[in-house]
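**Student:** Here the sequence shown stands for residues 1 to 236, numbered as in full-length UniProt numbering.
Just so it is clear, CB atoms sit at the ideal spot from N, CA and C, and this is done for glycine as well.
The model shown is predicted, which means the values in this text are computed figures rather than measured ones.
Dumping the structure here so I can ask a few things about it.
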Amino acid sequence: MSSAISIKNLCKQFGNVKALDSVSIEIPRGLSFALLGPNGAGKTTLVKIIATIMRPTSGDVTVDGHDIMREKEKVKAKIGLISHQTFLYEDLSAEENLIFFKNLYHLDDGEKRVEKALKIVKLFPRRYDEVRTFSRGMKQRLSIARALLHDPPILILDEPTSGLDLPGRRDFYEMIRRFKDEGRTVIITTHDVNEVRLIADAIGVLSSGKLLFSGRIESIEHDLEDLLIDLMGEQN
């Protein structure tokens, strides 16, 4: 299986602090890949670099064969990025939010794209309602709809279930499975071992900017909880 994302010897340094230290990962196409690690492990830094939001200090990253430094626009077209911060306009309706971003990205067939995205995340019946009336889970689903507007083959979700209640998490996990069935590659950052077990096919474990493990979930599943407990202990 070819790689959706290839990361080789990636480093990111902030002053004297190494946020990422020679990280190399191959993320296969069509799988859900979890980046697991405690706060400060380097997960968010890594996904920001993949999404071309942050420049690496050194190393190489390709997304669907496109170099993140030399082919930024092609990389952006391949990725939908969702943060735990939704960045939605509370005074606009769900539909108006998506129309705003559709116009911002100059997308063709915008009305069809907006309708399709709202239906995928099951918010079409609430399309005319202001976002301020939505629950945390509904806002997160709308942010996913926004990321789907340009129909990217790769979705990156940074701590996507932060603040969600149990029904909201279940809805999210169901969407992840559906995206995989559609052939999309899904990358999730998390520190929740149970979440990894529920939705991940493969995993990368980060600690203090170093990659401790990368591979299929079944090859490390029984040791996941002990590993994360050790990592959290090192952090404290």
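Please classify G209 as buried or exposed, where buried requires at least 16 neighbouring CB atoms within 10 angstroms.
**Tutor:** Buried.
**Student:** Any idea what DSSP makes of G110, helix, strand or coil?
**Tutor:** Reduced to three states, the DSSP call for G110 is helix.
**Student:** In whole angstroms, what separates the C-alpha of A202 from that of F213?
**Tutor:** Each residue's Cα considered, the two are about 10 Å apart.
**Student:** For G137, which of Y128, L166, P125 has the nearest alpha-carbon?
**Tutor:** When only C-alpha atoms are compared, the closest one is L166.
**Student:** Within 10 angstroms of its Cβ, does R113 collect 16 or more other Cβ (buried), or is it exposed?
**Tutor:** Per the 10 Å Cβ criterion, buried.
**Student:** Please tell me whether L123 and L88 are closer than 8 Å, where the distance is taken between their beta carbons.
**Tutor:** Cβ atoms of L123 and L88: not closer than 8 Å.
**Student:** What first and last residue would you give for the alpha helix (DSSP H) that runs through R169?
**Tutor:** Counting along the chain, the alpha helix (DSSP H) containing R169 begins and ends at 166-181.
**Student:** Can you name the residues that DSSP bridges to A202?
**Tutor:** Partner(s): F33, R216.
**Student:** Three-state secondary structure (DSSP) at K43?
**Tutor:** Here K43 sits in helix by DSSP.
**Student:** Suppose you measure from the CA of I154 to the CA of G65; what does that come to, to the nearest Å?
**Tutor:** I154 and G65: Cα-Cα distance of roughly 13 Å.
**Student:** For N16, I'd like the list of residues in its chain whose CB is within less than 6 Å of its CB, leaving aside the five on either flank, ordered along the chain.
**Tutor:** Once the five neighbours on either side are set aside, N16 has no close Cβ partner at all.
**Student:** Taking just the CA atoms, how far does S219 sit from A147?
**Tutor:** Each residue's Cα considered, the two are about 32 Å apart.
**Student:** Determine the contact status of L104 and A145, defining contact as a CB-CB distance below 8 Å.
**Tutor:** It is not a contact, given that the beta carbons lie outside the stated cut-off.
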